[in-house]
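Counting from 1 along the sequence shown, just add 135 to a position and that's the residue number in the working numbering. What follows is a single structure, written as structure tokens, with notes after it.
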Amino acid sequence: RFVKALPADKRRHALLVQKLAPRFKVDPRLALAIVRTESNFDAAARSPKNALGLMQLIPDTAERFGVRDALDPEQNVRGGLAYLRWLLERFEGDVALVSAAYNAGERTVQQYGGVPPYAETREYVRRILSFYRATRHERPAR
Numbered sequence: 136r137f138v139k140a141l142p143a144d145k146r147r148h149a150l151l152v153q154k155l156a157p158r159f160k161v162d163p164r165l166a167l168a169i170v171r172t173e174s175n176f177d178a179a180a181r182s183p184k185n186a187l188g189l190m191q192l193i194p195d196t197a198e199r200f201g202v203r204d205a206l207d208p209e210q211n212v213r214g215g216l217a218y219l220r221w222l223l224e225r226f227e228g229d230v231a232l233v234s235a236a237y238n239a240g241e242r243t244v245q246q247y248g249g250v251p252p253y254a255e256t257r258e259y260v261r262r263i264l265s266f267y268r269a270t271r272h273e274r275p276a277r
């Protein structure tokens, strides 16, 4: 229902996320929560910290996961999903820690031994959890 209610341009990006997420063993609902929170499905989104595209990849993360053009929607989503899959393995499916790491970086989550005490990160985690509605990641059936 959520995807069907989106405007056509955003719906196209949401459908791309839904299609690609299972290929990375990521629950499409979690991937949609991340994209919704990061860019609100805007493929041209740019942050003040130089994060780009639908999944707001910073240049280091884009390079790490083989993204050549972070503003290309499919490349961006593939890179973001590969990063999410890596985080899900690293934090054993704990959605709060994965979300915090996606927002603040995995080293920061490790440093604090959990969700860091940053207001932005705590709000980010709250938004992801309220959209995803599960504290543990559920791998899609394939």
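Ideal placement from N, C-alpha and C gives every residue a C-beta, glycine not left out.
Rounded distance between the beta-carbons of residue j and residue i, thought under 8 Å
i: P152; j: P163; result: Position check: residue 152 holds Val in this sequence, whereas Pro was assumed. That belief holds up - the Cβ atoms of V152 and P163 are roughly 7 Å apart, short of 8 Å.
i: V138; j: L150; result: 7 Å
i: E159; j: L216; result: Contrary to the premise, residue 159 reads as Phe rather than Glu in this sequence. With a Cβ gap of about 4 Å, F159 and L216 count as contacting.
Residue i, buried or exposed, once every other Cβ within 10 Å from all chains shown has been counted against 16
i: D144; result: exposed
i: E173; result: buried
i: D195; result: exposed
i: A254; result: exposed
i: G214; result: buried
Closest residue to residue i among the options (Cα-Cα distance)
i: L165; options: E198, S234, F176 and N238; result: S234
i: G188; options: G248, V170 and L264; result: V170
i: A240; options: A140, I193 and R136; result: The residue asked about is misnamed: residue 240 is Gly in this sequence, not Ala. Of the listed residues, the one whose Cα sits closest to G240 is I193.
i: A179; options: P157, T196, V212 and T270; result: V212
i: Y259; options: Y237, Q245 and Q246; result: Y237
Touch check for the stretch 222-233 and the stretch 206-213: three-plus C-beta pairs under 8 Å? no
Within the stretch 147-214, note down every full alpha helix (DSSP H) run reaching 4 residues or more, in order along the chain. List check, alpha helix (DSSP H) in window: 163-174 and 194-199.
Runs of alpha helix (DSSP H) wholly within the stretch 246-271 (minimum 4 residues, chain order): 254-267
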